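Notes for the one structure printed next.
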Amino acid sequence: RPQSRIRVLLKAPTLAEMEEMNIFEDEDSP
Amino acid sequence: HPVNIPRREKDFQGMLEYKKEDELKLVKNLILELKPRGVAVNLIPGLPAYVLFMCLRHADYINDDQKVRSLLTSIINSIKKILKKRGDDFETVSFWLSNTCRFLHCLKQYSGDEQFMKHNTSKQNDHCLSNFDLAEYRQVLSDLAIQIYQQLIKCMENILQPMIVSGMLEHETIQGVSGVKPTGLRKRTSSIADEGTYTLDSIIRQLNSFHSIMCQHGTDPELIKQVVKQQFYIIGAVTLNNLLLRKDMCSWSKGMQIRYNVSQLEEWLRDKNLMTCGAKETLEPLIQAAQLLQVKKKTDEDAEAICSMCNSLSTAQIVKVLNLYTPVNAFEERVSVLFIRTIQTRLRDRKESPQLLMDTKLIYPVTFPFNPSSLALETIQIPSSLNVGFLTRV
Numbered sequence: 079r080p081q082s083r084i085r086v087l088l089k090a091p092t093l094a095e096m097e098e099m100n101i102f103e104d105e106d107s108p
Numbered sequence: 011h012p013v014n015i016p017r018r019e020k021d022f023q024g025m026l027e028y029k030k031e032d033e034l035k036l037v038k039n040l041i042l043e044l045k046p047r048g049v050a051v052n053l054i055p056g057l058p059a060y061v062l063f064m065c066l067r068h069a070d071y072i073n074d075d076q077k078v079r080s081l082l083t084s085i086i087n088s089i090k091k092i093l094k095k096r097g098d099d100f101e102t103v104s105f106w107l108s109n110t111c112r113f114l115h116c117l118k119q120y121s122g123d124e125q126f127m128k129h130n131t132s133k134q135n136d137h138c139l140s141n142f143d144l145a146e147y148r149q150v151l152s153d154l155a156i157q158i159y160q161q162l163i164k165c166m167e168n169i170l171q172p173m174i175v176s177g178m179l180e181h182e183t184i185q186g187v188s189g190v191k192p193t194g195l196r197k198r199t200s201s202i203a204d205e206g207t208y209t210l211d212s213i214i215r216q217l218n219s220f221h222s223i224m225c226q227h228g229t230d231p232e233l234i235k236q237v238v239k240q241q242f243y244i245i246g247a248v249t250l251n252n253l254l255l256r257k258d259m260c261s262w263s264k265g266m267q268i269r270y271n272v273s274q275l276e277e278w279l280r281d282k283n284l285m286t287c288g289a290k291e292t293l294e295p296l297i298q299a300a301q302l303l304q305v306k307k308k309t310d311e312d313a314e315a316i317c318s319m320c321n322s323l324s325t326a327q328i329v330k331v332l333n334l335y336t337p338v339n340a341f342e343e344r345v346s347v348l349f350i351r352t353i354q355t356r357l358r359d360r361k362e363s364p365q366l367l368m369d370t371k372l373i374y375p376v377t378f379p380f381n382p383s384s385l386a387l388e389t390i391q392i393p394s395s396l397n398v399g400f401l402t403r404v
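Residue numbers (the working numbering), protein chains in the order written: chain A, 79 to 108; chain B, 11 to 404.
See the structure below:
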């Protein structure tokens, strides 16, 4: 039964914190 | 290169494998460079969301938490980035609103959480995430969806706003009602000048366009309802505010025109099967103002009738309309000061804000009711136009 599986909770950053991890750094810098 | 041996569909598990170094390419091709008006028109609604979710499923399947986190962060940041860049384009915003919601629904539907599995097939249950609980990421995506919704509303307002006063108040479609124009009305001149003005038809056409774009993008019906309610609120609020500020809009014949226009908007709702979305109710203050322009305003009985009829208008608004009311034809009369006093006395005990104008910036809170999909992930085929040939169906 899939629902009885124990899954590891992945802690998520907030939307704002996520923005700071800019994955497009190279492209965005002038 | 290994030879790609086609597999039978039943052998697929509804996952897409990708190399870590291809993650940026994935979000670039699927989010940043995807043109909703070009390639995306022929896709099944929500396909980018399903593809991204199938990639996520694979990262979960191989139990790579870093890969899962990294993909989710890239997806969210890419959606934010495209909306920053093209946030004034209704199609782009609508496209990403529906895809973000679909991605969120997938995260729920395949979470393994019983409350979201009620409508799943047994195959869909087999496809639930196996290693990670992404409840916190669901919250982040829900926050993102709210941001996108608000952007969609702003975008839609920018398009509708310039049409409202012209289409709802100024333009007259009922011929021969007004006869003599009230004093102060700007004279509408030649037909050439009219070509630049918006009519109710322009508004209806625009509503059709918004509606068909959202349907094309597979937007959840419950979400479309909320957008339409917000559209109607804006139309009603902007129209009423202008009526409250313009003497030339406060006549018996304008009341007639407004009621006709409102009936056309209601007809539109009926036509789109949206009568129960609460949109019509948002027009109630405007409907009452239009009625107020048309009822008799003389005796105590008239005053009583007005007070019970105008329960969606504030005292300030009722008094303002009565003050602005301008007779156009011989059979109409200005409202007496005494009559207005009577109304004010009758409404004295109402508990309400003294605000005259409606808040045109108000946005109703949005919700995204869970809407599971019957689509079987293992049957999804990815068209080459998406440029994600580096993904492997698993």
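Every residue, glycine too, gets a C-beta built ideally from N, C-alpha and C. Since this is a predicted model, take the numbers as computed values, not measurements.
query	result
Cutoff 9 Å: B:ASP143 Cβ touching any chain A Cβ	yes
Between the CA atoms of B:LEU93 and B:GLN171 - distance to the nearest angstrom	21 Å
Sub-9 Å separation of B:GLN354 and B:VAL331 beta-carbons	no
Whole-angstrom C-beta distance between B:GLN274 and B:LEU210, which should lie under 8 Å	6 Å
Residue(s) in a DSSP beta bridge with B:GLU27	B:THR402
Short CB-CB distance (under 9 Å) between B:ILE86 and chain A	yes
C-beta atoms of B:LEU117 and B:ARG148 nearer than 9 Å	yes
Delimiting residues of the alpha helix (DSSP H) encompassing B:MET259	Careful: B:MET259 lies outside any alpha helix (DSSP H) and carries neither H nor E.
Any C-beta of chain A under 9 Å from that of B:VAL78	yes
Cβ neighbour criterion (16 or more within 10 Å) applied to A:VAL86	exposed
Own chain residues within Cβ distance below 7 Å of B:MET127, not counting five before or after	ASN135
Coarse secondary structure for B:VAL405, derived from DSSP in three states	With chain B covering 11 to 404 only, the question about residue 405 of chain B has no answer from this structure.
Same chain only: Cβ atoms within 8 Å of B:GLU362, ignoring 5 sequence neighbours per side	SER324, THR325
Three-state class that DSSP yields for B:PHE341 in the structure shown	coil
Span separating the alpha-carbon of B:TYR60 from that of B:PHE113	7 Å
Chain-ordered residues of the segment 124-155 of chain B with a beta carbon less than 8 Å from chain A	GLU124, MET127, ASN135, ASP136, CYS138, LEU139, SER140, ASN141, PHE142, ASP143, LEU144, ALA145, GLU146, TYR147, GLN149, VAL150, ASP153, LEU154
Within the segment 79-155 of chain B, ranges of the alpha helix (DSSP H) (whole runs, at least 4 residues)	100-119, 132-136
Residue-level contact to chain A via CB, B:GLN119, 9 Å cutoff	no
9 Å Cβ cutoff, B:THR83 in contact with chain A	yes
The segment 89-118 of chain B: positions lying closer than 8 Å to chain A by Cβ	LYS90, LYS91
Whole-number beta carbon distance between B:ARG356 and B:ALA313, since they are thought to touch under 8 Å	6 Å
B:ILE244 beta carbon less than 9 Å from that of B:ILE297	no
Minimum Cβ-Cβ distance from B:GLY122 to chain A less than 9 Å	yes
Chain A contacts made by the segment 58-75 of chain B, where a contact means CB separation under 8 Å	ASP75
Cut-off 7 Å between Cβ atoms - residues of its own chain near B:PHE380, not counting five sequence neighbours on either side	HIS115, LYS118, PHE126
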